[in-house]
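The sequence shown begins at 1016 in the working numbering and counts up one residue at a time.
These notes are about the structure you will find just below.
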Amino acid sequence: MRDYVVEHLGDPDAVLIVDDTGFLKEGVRSAGGQQPYSGTAGRTENSPIGVFLAYAGGRGRTLIDRHLYLPTSWADDRERCRAAGVEDTVGFGTKVVKVVMAKATVRRAIADRIPFRWVTADAAYGFSNGLRAELERADVFHIMATTRHDTVVTRWASTTPSTTCFPGCPGRSGNAVPAATAATAPTAPARPAGRSRSQRSSRSVDRRKGDPADRASRRWCNDAQMRENHELNELIDVEDPAWPFLLQELSGTDVPVEALPGDPAAGRAALLQLQVSARSNLGGIVLNCGGLLVDGGWLRIFGSPGGGGLPGLAEVNAMPWAFDPAWRPGAGLVVAHDVLGGVFALNGGDPREAGRPGAPGEILYFAPDALRWEALGAGHSAWLSWILSGGLKEFYAGMRWDGWHGEVSVLDGRQGLSFFPPLWSAEARQDLSATSRRPVPMAELLGLSRDSCLRFDGTDPGFLGVV
């Protein structure tokens, strides 16, 4: 197929188009089939979803690559997968996994020397800092849709609001600037001569297909807004508690994970304040564990620790010392930090009011290299399963350097790494290994991120955790 495209449709000015779409199928055996609303059919229909790479040039257009997006209804039923020819290595696909699939298709096109000039995608992919950075490093021209509140980072300028880069783009209200306008607009004011590969149109984020938050996460954010308080024994004495199953998952993963010993009293207090049951992974970790150190401490998932090394979920989220039925987590619940100063948070009940993307109960990531919140398309349990299946390797692609294990291993649970030049700078994006790094208190790292957000576009990212 690739040889045919090059011979018959090859065009040095062609465009690679990344998008996901549903394709109608009959019966229940078609791999990945489920029944969400299908834009293809205009109704609820049996419609597997795939991530596709299209090739469009002056001599014609065709599809040249694809990946199947596997929903949980299939990923949790391995016998059904095997019967449909889906290998055991294919797991549940979150929004993050879709971006990984998109990266893989473009990499193959480059490796196979298929002639093209541009790569383009809608906001579901344009909002991914990792994808844009990879295209930038590969010196590939690209037009990616994103939100009107986004910042543009190029090799010539550090971080610039999209409303400054594209003068025709409105601020916080109004219609989005057309893609054709954005394609010819400068990517940064007063930059050196040359042309940026990071030309992105400003558009609203497409509505997500399906519900990205799992049941436990939705229940938590609903209860956090308007809840009937439960006694502690109701939260602990449940059928099918999550912790034994989570221990099995931890023992079966190839990802380095250390489960820290917990403080039972602190765990019970935090569970009561959160009002989540031990049936959820969130409740299971808080009740039974001091936290999880993933990849040697690169990622710290908070629990209820017995020592002072890693802060607990209660401390990070400034929970009251004694149970307070009036306490609410605000915009969201911070569930993990990484050594870069990145923050994983569980969305609250009204993300729009809080100025955050995503759905209620969805996991967000505050990206220190982009200085913004990004919705990951999964609730807490699906996010945790994705981590244990090795998802961090692709998630942090381009953000790790030779020798990072050694630098991370000497940090304590309240420290992160400060970079100079900063992660969001053009210099760091071009060559991360050339930056200087030093351990600093995590509180300092989070404060620097907030100050940078306020300095660049006047936007406060909100609560990032207390450490």
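The beta carbon of each residue, even a glycine, is placed where N, CA and C say it ideally should be.
Predicted model only: the values in this text are computed from it and were never measured.
- Taking C-alpha positions only, Ser1295 is separated from Pro1366 by approximately 22 Å.
- Contact between Gly1356 and Gly1431 holds: CB atoms are separated by about 5 Å, below the 8 Å threshold.
- Rounded to whole angstroms, the separation of the alpha carbons of Val1482 and Ala1029 is 50 Å.
- Following the DSSP letters along the chain, one finds Leu1307 inside the beta strand (DSSP E) bounded by residues 1306-1309.
- In the displayed model, Val1331 falls within a helix according to three-state DSSP.
- Put simply, the region 1113-1122 touches the region 1135-1146. At least three CB pairs are less than 8 Å apart.
- Assignment of Leu1355 by DSSP, reduced to helix, strand and coil, places it in the coil class.
- The C-alpha of Val1423 is placed about 7 Å away from the C-alpha of Val1354.
- A direct Cα-to-Cα measurement between Leu1275 and Pro1437 gives close to 31 Å.
- Annotation note: the region 1393-1476 contains the following uninterrupted beta strand (DSSP E) runs of length 3 or greater, listed N- to C-terminal: 1430-1435, 1451-1456.
- By the 16-neighbour rule on beta-carbons within 10 angstroms, Arg1147 is buried.
- Ile1158 has its alpha-carbon roughly 26 Å from the corresponding atom of Leu1407.
- Taking C-alpha positions only, Ala1341 is separated from Leu1391 by approximately 29 Å.
- Closest in C-alpha terms to Pro1335, from the list Thr1077, Ile1129, Leu1287, Ser1448, comes Leu1287.
- The three-state reading of DSSP puts Asp1154 in coil, since its state is none of H, G, I, E or B.
- For Ala1071, the enclosing beta strand (DSSP E) stretches over residues 1064-1072.
- For His1082, the number of other beta carbons within 10 angstroms of its own is at least 16, and it is reported as buried.
- Straight across, the Cα-Cα distance linking Ala1281 with Glu1246 is about 16 Å.
- In terms of CA proximity to Leu1068, Thr1036 leads the group Ala1098, Arg1465, Thr1036, Arg1097.
- Boundaries of the beta strand (DSSP E) harbouring Glu1389: 1387-1390, taken from the DSSP string.
- Taking 8 Å as the cut-off, the beta carbon of Gly1376 is found closer than this to the beta carbon of Asn1362.
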